[in-house]
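S.K.:
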Amino acid sequence: MTTRVGIAELKAHLSEYVARAKAGERIVVCDRNTPVAELGATEERAPLPITQPTRSWPELAATLKPVKLNFPVDVVALLREDRDKR
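Following numbering that gives the first Met the number 0, the numbering of the sequence shown begins with 0 at its first residue and continues without gaps.
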């Protein structure tokens with residue numbers, strides 16, 4: 000079964016739609032009656048195993064290259080501006 004739902008309706012009742020998708024229903028999310036996304040059940044997957052790095056940090060850091068900009072950048076001013084917005 001397929002259900003079409005608008006974004007506002009989905010936001011207002013998200014838990015309900017997630018439960019329905021989990022139960023196997025296909026939920027098509029629409030933006031102004033245009034389908035933009037689909038909500039459905041996923042397959043259960045095991046978490047990825049944690050693996051050991053193949054290179055040490057100094058080895059990896061040695062491969063990094065600096066980025067050259069064609070214009071001056073005041074990083075401190077940018078950080079202060081960002082902080083002032085919060």
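No residue lacks a Cβ here, since even glycine has one placed at the ideal position from N, Cα and C.
The beta strand (DSSP E) spanning serine 28 covers which residue range?
M.R.: Per the sequence shown, residue 28 should be read as valine rather than serine. That run of the beta strand (DSSP E) goes 25 to 30.
S.K.: Taking glutamate 37 as part of the beta strand (DSSP E), name the residues at either end of that continuous run.
M.R.: Element bounds for glutamate 37: 33 to 38.
S.K.: Can the beta-carbon of valine 28 be found less than 8 Å from the beta-carbon of leucine 59?
M.R.: Cβ distance not < 8 Å, so valine 28 and leucine 59 don't count as in contact.
S.K.: Reducing DSSP to helix, strand and coil, say where arginine 3 ends up.
M.R.: Strand, per DSSP.
S.K.: Count the C-beta pairs between the segment 25 to 42 and the segment 0 to 17 that are closer than 8 Å, then say yes if the count reaches three, no if not.
M.R.: Yes: at least three Cβ pairs fall under 8 Å.
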